[in-house]
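Below is one structure, written out as structure tokens, with a few remarks after it.
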Amino acid sequence: MNMQPTSRAASPLRGVFAALVTPMTADEEIDLPKLAEAADRLIRRGVHGLVPLGSTGEYYALSADERDLVLRTTLETAAGRVPVVAGTNAGSTREVIAYSTQAEKLGCAGIMLAAPYYSLPGPEELFAHFKAVNDAIGVPIIVYNYPGRTGVDMTPALLERLAELRNVRYVKESTGEMSRITELLRRCGDRLGVFCGCDTIALESLMVGAMGWIGGVANVLPASHVRLYELAVERSEYGAARKLFFEMLPLLELMEGSGKYTQWVKAACGLMGCDCGPPRRPLGPATAEELADLREVLLQTAEGRRAVMQERPSRLLA
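Per the working numbering, residue 35 is the first one in the sequence shown, and the count goes up by one each step.
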């Protein structure tokens, strides 16, 4: 069953896409009502799209059936209001094709795909992998370059070559190197839309021409993310954009430097009144000390102050 208008797939993807968390119950089962609540909250706060089943969504810890449930719930909740781009990463090309064709069948506007983890494929193997997926589907592919997690760095030269494939239309660049953003824009910006995938260089990326920002902290401060995009891209109010970004930066830097990005995104969501439960083991919940640090930086943002100061105590603090 197609759950989202297919015309969405033909529209350019741009703006703030939230790398959606996967809420869990206390016993680590997926909390589908909370997932729907989280997705709806983000849409109502103005995000331009949702990316379930990415790194922040703990796709690597979910079974195939669970991934299907997450995707269906997200699409049903979005109901065509924003495009949904499915993370379809897996350890083999065969699995990725299965996840990707299912995502297209359900009505996703595209897929996001990183290098297969653990196997460390070389450039020719990566090209063959992406070509096989490209040839199996008819929706846009966001190539996700995140060598810190996959162990494989997709260089600008390889990404330029991948851009020759019909459906490879975007890249989420997550090395954290601003020079990568500018090199991609210079080499293939006319063929490949670049999304910032490192929160701490989001403003610079948007100002030099990135299509948007795909981030996990958008689960926490969605309105601030959207406002930053509007100021920097749609209104060219760079002074106001810089002021807002500097307000957000302590939280973004804390998250990026923590080594516990997924755990802390979930914890911060709880502090903001959107309790997403714990991560699935082996990852563990934030400690009381970590929650205090998160609360301190959240209070440095206007959006965080509004939510934290008036929010009822979260189960995370119980």
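All residues carry an ideal CB built from backbone N, CA and C; glycine is no exception.
Between residue i and residue j, is the Cβ-Cβ spacing less than 8 Å?
i    : j    : result
P181 : T209 : yes
R101 : L87  : yes
V260 : G80  : yes
A70  : L105 : no
V85  : A53  : yes
E217 : P256 : no
L285 : A301 : no
G227 : L47  : yes
A166 : I131 : yes
C232 : V55  : no
S153 : I145 : no
S89  : R183 : yes
E207 : C230 : yes
V186 : A149 : yes
V50  : Y295 : no
R314 : M58  : yes
Roughly how many angstroms lie between the CA atoms of residue i and residue j, to the nearest whole one?
i    : j    : result
A60  : V254 : 20 Å
K277 : L237 : 11 Å
G91  : R221 : 31 Å
L328 : G293 : 14 Å
H82  : G246 : 9 Å
Y151 : A252 : 25 Å
N123 : R269 : 35 Å
A341 : G307 : 7 Å
L109 : V118 : 7 Å
A336 : L160 : 43 Å
V177 : E287 : 24 Å
L199 : S97  : 30 Å
V299 : N201 : 31 Å
F164 : V242 : 27 Å
L197 : R203 : It is worth fixing the name first, because residue 197 is Ala in this sequence and not Leu. When rounded, the distance between both Cα atoms is 7 Å.
C142 : F280 : 34 Å
G338 : P157 : 43 Å
K239 : L193 : Contrary to the premise, residue 239 reads as Ser rather than Lys in this sequence. The alpha-carbon atoms of S239 and L193 are separated by roughly 18 Å.
D169 : L265 : 38 Å
G223 : G125 : 29 Å
T323 : E330 : For the sequence presented, residue 323 should be read as Glu rather than Thr. About 11 Å.
S213 : I248 : 18 Å
V267 : I215 : 16 Å
A244 : R225 : 13 Å
G121 : Q334 : 32 Å
To the nearest whole angstrom, what separates the beta carbons of residue i and residue j, a pair I think is in contact under 8 Å?
i    : j    : result
L66  : T107 : 5 Å
E290 : T234 : 5 Å
Q297 : G318 : 7 Å
I305 : L283 : Before going on, a small fix: residue 305 reads as Leu here, not Ile. Their Cβ separation, rounded to whole angstroms, is 18 Å, which puts L305 and L283 out of contact at 8 Å.
L103 : I64  : 6 Å
T127 : A73  : That belief does not hold up - the Cβ atoms of T127 and A73 are roughly 29 Å apart, past 8 Å.
Please classify residue i: does DSSP put it in a helix, a strand, or coil?
i    : result
G185 : coil
K206 : strand
L84  : strand
I235 : helix
A120 : strand
E52  : With the sequence shown as reference, residue 52 is identified as Ala, and Glu is not the correct amino acid for it. It is a strand residue.
G338 : helix
A72  : helix
L154 : coil
G304 : helix
L147 : strand
A44  : With a pLDDT of 48 at A44, under the threshold of 50, the modelled position of that residue is not reliable, and the figure given next carries that caveat. In this structure, A44 counts as helix in the three-state DSSP scheme.
I171 : coil
If you follow the beta strand (DSSP E) that residue i is part of, which residue opens it and which one closes it?
i    : result
N179 : 175-179
I248 : 246-249
In the DSSP assignment, find the unbroken alpha helix (DSSP H) run with residue i in it and report its ends.
i    : result
V228 : Careful: V228 lies outside any alpha helix (DSSP H), inside the beta strand (DSSP E) at 227-230.
M282 : 272-292
I131 : 127-140
E100 : 98-112
C222 : 212-222
P190 : 190-196
L332 : 322-332
Y93  : Y93 -> no alpha helix (DSSP H), and no H or E assigned at all.
L262 : 256-263
Should residue i be flagged as near chain C, meaning a C-beta pair shorter than 8 Å?
i    : result
K277 : Any reference to chain C falls outside this structure, which holds one protein chain only.
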